[in-house]
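Plus 10 on top of the position in the sequence shown (first one is 1) and you've got the numbering used here.
Down below is the structure, laid out as structure tokens.
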Amino acid sequence: MSLTIRKLKESEIGRELFRSFDRRQVVTQCLRRRNGVWQAEYAPFIDQWSEEDYGTLICCLRRTVRSGGVVFAAFPDGKCKGFVSVEPALFGLRREYMDLSSLHVSEELRGQGLGRLLFRKAAAWAREHGARKLYISSHSAVETQAFYQAMGCVDAVEIHEAHAQQEPFDRPLEYRL
Numbered sequence: 011m012s013l014t015i016r017k018l019k020e021s022e023i024g025r026e027l028f029r030s031f032d033r034r035q036v037v038t039q040c041l042r043r044r045n046g047v048w049q050a051e052y053a054p055f056i057d058q059w060s061e062e063d064y065g066t067l068i069c070c071l072r073r074t075v076r077s078g079g080v081v082f083a084a085f086p087d088g089k090c091k092g093f094v095s096v097e098p099a100l101f102g103l104r105r106e107y108m109d110l111s112s113l114h115v116s117e118e119l120r121g122q123g124l125g126r127l128l129f130r131k132a133a134a135w136a137r138e139h140g141a142r143k144l145y146i147s148s149h150s151a152v153e154t155q156a157f158y159q160a161m162g163c164v165d166a167v168e169i170h171e172a173h174a175q176q177e178p179f180d181r182p183l184e185y186r187l
């Protein structure tokens, strides 16, 4: 398998880019904060993006690039099978955070290291652009949490209120660059 990871231009981000991408995730357990402690709870569902979801994603990723942020995509054998995005604005009390706004790997390639490569690429870009920490509003699925823990992420010191309101079940994490 040949693998290319590269920065995307706004003009490349469209529905055709994701034709070979499968967002499907079967979730059995999620972490929920109970009495100040994150605990795994049975919460089964299947997360599968609709065409409307892809439309929203495309708008968001284009906006990220247009605003000076970055989107990297992974192309094993020439097909987009993973992507990561970082928003350009520094935020937080010390203006040290950048938002890792998305990180997704196609279902059939999860667990093979593609997410790690994309995460590291995003972290390097954020560091080069003045961030000291990445902020992650992370899906609470146990598997997703295991990935971020393996990458060295910890509970966020500061909470991004807009994220917390928009995605109340997400776990706020940070990664020191």
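We put the CB at the ideal spot given by N, CA and C, even for glycine.
Remember, predicted model here, so these are calculated numbers, not experimental data.
Residue i, enclosing beta strand (DSSP E) - first and last residue
| i | result |
| --- | --- |
| residue 40 | 35 to 44 |
| residue 71 | Looking at the DSSP string, residue 71 is not in any beta strand (DSSP E); the run it does join, the alpha helix (DSSP H), is 61 to 76. |
| residue 13 | 13 to 17 |
| residue 144 | 143 to 148 |
Residues that DSSP places opposite residue i in a beta bridge
| i | result |
| --- | --- |
| residue 95 | 81, 112 |
| residue 27 | Residue 27 is not bridged to any residue. |
| residue 49 | 42 |
| residue 86 | 13 |
| residue 32 | Its beta-bridge partners do not exist; DSSP assigns none. |
| residue 164 | 184 |
For residue i, the first and last residue of its enclosing alpha helix (DSSP H)
| i | result |
| --- | --- |
| residue 131 | 124 to 138 |
| residue 184 | That residue, residue 184, is in no alpha helix (DSSP H); its beta strand (DSSP E) goes 181 to 186. |
| residue 153 | 152 to 161 |
| residue 172 | 171 to 176 |
Buried or exposed (CB count within 10 angstroms, at least 16 for buried), residue i
| i | result |
| --- | --- |
| residue 28 | buried |
| residue 69 | exposed |
| residue 108 | buried |
| residue 179 | exposed |
| residue 189 | With the chain represented from 11 up to 187, any question about residue 189 goes unanswered, as that position is not in the structure. |
| residue 181 | buried |
| residue 31 | buried |
| residue 125 | buried |
| residue 97 | buried |
| residue 60 | exposed |
| residue 23 | buried |
| residue 58 | exposed |
| residue 111 | buried |
Whole-Å CB distance - residue i paired with residue j, under 8 Å assumed
| i | j | result |
| --- | --- | --- |
| residue 75 | residue 13 | Actually they do not touch by this definition, with Cβ atoms about 22 Å apart. |
| residue 116 | residue 88 | Going by Cβ atoms, the distance from residue 116 to residue 88 rounds to 14 Å, so no, they are not a contact pair. |
| residue 184 | residue 166 | 4 Å |
| residue 78 | residue 95 | Residue 78 to residue 95, Cβ: 12 Å. No contact. |
| residue 52 | residue 39 | 6 Å |
| residue 141 | residue 71 | Rounded, the Cβ-Cβ distance is 19 Å, inconsistent with contact. |
| residue 128 | residue 82 | 6 Å |
| residue 155 | residue 41 | 6 Å |
Contact with chain D by residue i, beta-carbon distance below 9 Å
| i | result |
| --- | --- |
| residue 63 | The chain labelled as chain D is not found in the depicted structure, where only one protein chain is given. |
**OP:** May I ask you to verify whether the stretch 90 to 104 touches the stretch 139 to 154, counting CB pairs closer than 8 Å and requiring at least 3?
**Re:** Short answer: they touch.
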